[in-house]
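Chains V and W are the protein sequences, given in the same order.
The first sequence begins at 2 in our numbering and counts up by one.
The second sequence begins at 716 in our numbering and counts up by one.
C-beta atoms are modelled at their ideal positions from N, C-alpha and C, and glycine is treated no differently.
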Amino acid sequence: MVVLVSQWFWPFVHPALAAAGAACVAIPFVIHLINLRRYKRVPWAAMRFLRSASRRGARRVRIERWALLLLRAMVLLLFGLAIARPYFPFSALGGLADSGVHRVLVIDDSASMFARAGEGDTGVPSTRFDLARAAALSLLKNFADTDAVSVVTLSRPVTRVIGYASFDRRRLVDAIEELSPRQGSADFAGGLRAAREILADGGFVRSGDEGGTVYMLSDFPASVFSADAEARGEVASLGKAAGALGETGLVLVRCASIVAPNVGVVALQVADGGVTPSRGRLARRVEVAVRNFDRNAVRGARLKLLLDDRVIGRARLDSLGGGETVVTRFTADTPRTGSHVLKAILESVTDDAFELDDLRYAAIEQDGPIRVLVVDRGEERETGWRASRYLSTALSPRGAGDAFEVRATAVHDLGLEPLGEYDVMVLCGVTPRSAEARDSLADSVRAGQGLLVFGADDIDRDGNAMLFGGDGLLPVRLDGVIEVDESTSGPVYLARGQAVHPLAAGIASDAESGLFRARMHRILSLTPHAARGETILSFTNGRPAIVTGRYGAGRVLVFGFSADMSWTNLPAKGDFVSLMVTAAHYVAQADASFRNILVGDAVRERITAAESSSPVRLEFERGRDLSVRLIPDEGGLVSESDRLEERGVYVLTTGERKIRWAVNVDSAESDLRSADEETLRASTDAPIRVVESSKVESVGTSRQSFNEVGASMLLLVLAAVVLETWMATRFGGLR
Amino acid sequence: MPQPVPTHHKFLDPRVLAKISGLELRARLAVEGFRVGGHASPYQGVSVEFADHRSYVQGDDIRHVDWKLYARTDKYYIKQYEEETNLSCVLVVDCSASMGYQSPAAPMSKHDFAASVAASLAYLALQQGDAVGMALFDQAITHFIKPSSHPGHWKTLTGALARGPGPGKTGVRAVLDDLAERMGRRTLVIVISDLFDDPDETILGLKHLRYLKNDVIMCNVWDPAELTLPFDGPTLFDGLEGSGRLMVEPQAFRQRYTREVESFIASLRGQCRKMHVDFVPFDTSHGLDVAISAYLATRAARIRSRSSRVLGGG
């Protein structure tokens, strides 16, 4: 559990004493009130003189009394504050005092820190996080009492556990001891950014510098420190600032061995839609990727696949070579409708240092066949295999009972079609001719239906141009057809590149995919809309090949190639079917891929108008309810949870729907290899120090001064006491 | 080396006198103590005038032999003196409630002190053959005793003084006016009071007395606490003459209070000086000799002025 401490706090070494001093302010007033109640009674003859004296001096005496009471209260307050050892930010002192050391402990509490790191003192296996926590406490012990310390944790989202410069060692120790690893992925860039901001806000460093000392306690995954450019930038920035102060500003404390044996499930995905009808069920192809991150081979691992907690498949991985990834394919016989969860479990792996990745979930969704309307020129449908036929064959090879229900129509008949009954509309080089048809098409997409647009020789540029604009239907401008001259520029293919969009990531990761070997003879020149267009895949000549964008609640995909063989041989490739199925699923928003998220993400589900009146409930395993809020989004409502901290299956109930979300640990956390010192040093030119967690006693005591003003305050207290004595004498010994 | 204190002198100390319960004894001891003390007493040969000679007879005090006449006549003659019997003195003693005040540090109350002073002066005056009367008052004269020179009159006076203070307020003006009407001219009036009244009114009363050619001695009695306000901490002052209550922290007002008191005394002293009235402030911790000295000095001055009038007038 993470304890968040308020950032607002007066900087004291002993805040409790400061609080006690503040409480003592009341003492003079209480004594005064008590004295007033404990008066003595005196018979008196010379009342006329007493009345005259009190009448004339009452106002002055009242002022003197309050002044004296306030002074006495101030003496107590100042004394309490002085012994609480306050300090002022350097900036507040204007450079009159030495700048102090503000140390920020950045502790990695990401999922990889669950990895076993050896046997602890009690024989209980200790984790990397145990090492990090012990190292943090050891560092804290080494720091001088006068050092200010802050604590940040790294797992996404980055948490400022003690987000201010604290001197309260007890609070710091408690906060660190209460930390525990979380299942989220590490955000090194965010953690370093937070540390830099805390240093800048702490006021301990000279104006214009961002120095201080940052201690990052982590396993430093080799994959991150060799690839995360943003993190490298932060390391360099911090190192530079710290170097300006002439001391080591960044200390990397490695809490892991460089190599740790681990085998884990790194992917679980449904490869495509249903293939075989079987009494109201769909047979789905499921792929489970298992990777051995160790250098040594692993034998005898077993894989088990469950659908809604029912075992539907088993596999034995006889041998997994060092660094090898094995993809096991299952066929899952899934219900035709409803929301379901697949679970892949890896078993019988000995000496596995990281068990968190031995289990992976995947949410799947099926609401019956997706209805697709393919629109082409119509009159040429009988002359050969045109685009509509390729698409119909790809999406519904067997006709009735397939996952897709495809209907083809001519563009001049588009106005006759009830567009509201389709989930996806496909324009194969055509443009709705009438304004009514265009408006009807746009309304359908805005309401949530999907649209696929393919190129063709006779594409109506002007007509399509009418669909483009700041708030137009298409997320691209169609600039015409480009003839590929292979003799001068060479052949053009789809570029594998860094495909991160979920639609293309699966395809791009398949090295054997034929999609990237299909030649393009002509391509459609696409210019994505600056705000709405997102290029998913490009051609090898750099031009966008597939561009997506949202229009209202619907999704639009524009392809820079044709859906038939006139421009490319891509429809002849086997993976054309997968691409079309995936694309149709994507724009129909019938796939459940967006319900497969990582720890640290939030559940985000669109709520229909009918459901908006019903309560929305998000339930985690064992009946734990989580808070969900409704927020307006694009004219509708979206239910959104907080960021999820645990992997597992979350069930969102809204109206009559029961939707399952699968939350997994980021597979990047499975790679337990730590970056070696050379790699870490290479990540920045700045002077950083790398130490093992077992040797942290040697660091952390460089400077001990800071802007403590307690002594000055004691002088102030002394002056106030002298003033109080003088005033008490001058005012007649007021009590 | 400290000088030994004469036995009788200690009876001038109010702390000693306070231990003596009988007022008569207290007054007598005070007067005797005063006489035997180091002060030159105006009683010796000043207050008595020469009258005639007579022949010496056995047993006469040879100090009274007129040696000059013996030188001329060779016969022993004794000087005979004429006693001053026409000095009339009225002791005006305040018996209001405020006179009953006695602070913890004071040896006696203001009234006890005033009674001691009055009894002492009466004793002394009667010893000298003066006629002594007395008026006790608060807002008005509550008890009046006509002047008499009979030695036994002293017991009457001390008996009246023994009554103690009453519950009334102090009202000096009316009392002095009343007294001026009751008495004849040229009387020595000795007022013994704390004078806790409007000073302007008091002065008017004095003017009335002085207008009738009376000599006046104002003995202003204070308790030492009334002069210094020595209290600390929150204190509820309860007025003795129905003047209400007041809750104050006296230490905060001490300086201002003492200035008020000093101003009051200074004002009275100034006004009295203008009217040739002896003003003698003293507090109850002081000796009675101050009051007795004041009385004797005034008496002597009066006799001197009478003598000068006789001589001047042939």
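Interface residues of chain W around residue i at Cβ under 8 Å?
i         : result
Val43(V)  : Phe946, Thr950, Leu951, Phe952, Asp953
Lys62(V)  : Looking at the sequence itself, residue 62(V) is Val, so the reference to Lys does not match. The contacting residues are Glu964, Ala967, Phe968.
Tyr40(V)  : Gly948, Pro949, Thr950, Leu951, Met962
Met728(V) : Within 8 Å Cβ-Cβ: nothing; Met728(V) doesn't reach chain W, min ~12 Å.
Gly58(V)  : Ala967, Phe968, Arg971
Listing by chain order, which chain W residues have their CB less than 9 Å from the CB of residue i?
i         : result
Tyr216(V) : Here the premise fails: no neighbours, minimum Cβ distance about 60 Å.
Ala137(V) : Ordered by position in chain W, no residue passes the 9 Å Cβ test against Ala137(V), which lies about 57 Å from the chain.
Is residue i near residue j, with beta carbons less than 9 Å apart?
i          : j         : result
Phe911(W)  : Ser803(W) : no
Leu420(V)  : Leu453(V) : no
Met728(V)  : Ala68(V)  : yes
Phe968(W)  : Ala54(V)  : yes
Ala1030(W) : Ile907(W) : The requested residue 1030(W) is not part of the displayed model; chain W covers only 716 to 1029.
Leu653(V)  : Ser671(V) : no
Ala345(V)  : Ala363(V) : yes
Val152(V)  : Val102(V) : no
Gly687(W)  : Ser811(W) : Look at the range of chain W in this structure, 716 to 1029, and you will see that residue 687(W) is not part of it.
Arg644(V)  : Asp677(V) : no
Ala62(V)   : Glu941(W) : The sequence given here places Val at residue 62(V); Ala does not occur at that position. No, Cβ-Cβ distance for Val62(V) and Glu941(W) is not below 9 Å.
Asp1032(W) : Leu903(W) : With chain W running from 716 to 1029 in the structure shown, residue 1032(W) is simply not present.
Arg183(V)  : Thr154(V) : yes
Met581(V)  : Leu374(V) : no
Phe221(V)  : Ala257(V) : yes
Ala298(V)  : Thr329(V) : no
Asp131(V)  : Tyr165(V) : no
Ile371(V)  : Asp334(V) : no
Would you mind telling me which residues of chain V sit closer than 8 Å to residue i, beta carbon to beta carbon, in chain order?
i         : result
Val963(W) : Leu51, Ser55
Phe828(W) : Simply none; closest approach about 13 Å.
Ser813(W) : Ala46, Ala47
Phe997(W) : In chain order: nothing, as chain V lies at least about 15 Å away.
Looking at the unbroken beta strand (DSSP E) that takes in residue i, where does it start and where does it end?
i         : result
Thr999(W) : No beta strand (DSSP E) holds Thr999(W); DSSP gives it neither H nor E.
Ser539(V) : 535-539
Asp634(V) : 629-634
Lys41(V)  : 41-45
Phe80(V)  : Unbroken run through Phe80(V) is the alpha helix (DSSP H), 48-84; no beta strand (DSSP E).
Ala812(W) : Segment: none, Ala812(W) is in no beta strand (DSSP E) and carries neither H nor E.
Met933(W) : 930-937
Glu178(V) : First-last for Glu178(V): 170-178, but that is the alpha helix (DSSP H), not the beta strand (DSSP E).
Against residue i, what residues of chain W qualify as contacts under a CB-to-CB distance less than 7 Å, listed in chain order?
i        : result
Leu37(V) : Pro949
Met75(V) : In chain order: nothing, as chain W lies at least about 21 Å away.
Between which two residues does the alpha helix (DSSP H) containing residue i stretch?
i         : result
Asn36(V)  : 27-38
Glu679(V) : 678-683
Lys989(W) : 965-989
Tyr926(W) : 914-926
Asp827(W) : 825-842
His586(V) : 576-589
Using a Cβ-based criterion (distance less than 8 Å to any ligand heavy atom), does residue i qualify as near the ligand HEM?
i         : result
Ala137(V) : As for the ligand HEM, it is missing from this structure, which has no ligand bound.
Would you mind giving the Cβ-Cβ distance between residue i and residue j, rounded to the nearest angstrom? I have them listed as a contact below 8 Å.
i         : j          : result
Leu495(V) : Phe540(V)  : 6 Å
Pro87(V)  : Ala20(V)   : No, Pro87(V) and Ala20(V) are not in contact; Cβ-Cβ is about 12 Å, not under 8 Å.
Leu173(V) : Leu218(V)  : Contact flag wrong, Cβ pair sits at about 14 Å.
Val271(V) : Arg292(V)  : Going by Cβ atoms, the distance from Val271(V) to Arg292(V) rounds to 19 Å, so no, they are not a contact pair.
Ser824(W) : Leu1003(W) : The pair is not a contact, with the Cβ atoms about 15 Å apart (cut-off 8 Å).
Leu79(V)  : Leu717(V)  : 6 Å
In chain V, which residues lie less than 7 Å from residue i when you measure between Cβ atoms?
i         : result
Asp909(W) : Ala46
Tyr926(W) : None at all; the shortest Cβ gap to chain V is about 28 Å.
For a contact defined as C-beta to C-beta under 9 Å, what are the partners of residue i on chain V?
i         : result
Ser824(W) : Here the premise fails: no neighbours, minimum Cβ distance about 10 Å.
Any alpha helix (DSSP H) of 4 or more consecutive residues that is wholly inside the segment 119-163 of chain V: 129-143
Contiguous beta strand (DSSP E) assignments of at least 3 residues, all confined to the segment 371-441 of chain V: 371-377, 405-411, 425-429
Ordered list of alpha helix (DSSP H) runs contained in the segment 470-498 of chain V, each at least 4 residues: 487-490
Beta strand (DSSP E) segments (min. 3 residues) lying fully within the segment 852-893 of chain W: 856-863
Start-end ranges of the beta strand (DSSP E) lying completely within the segment 771-797 of chain W, minimum 3 residues: 792-797
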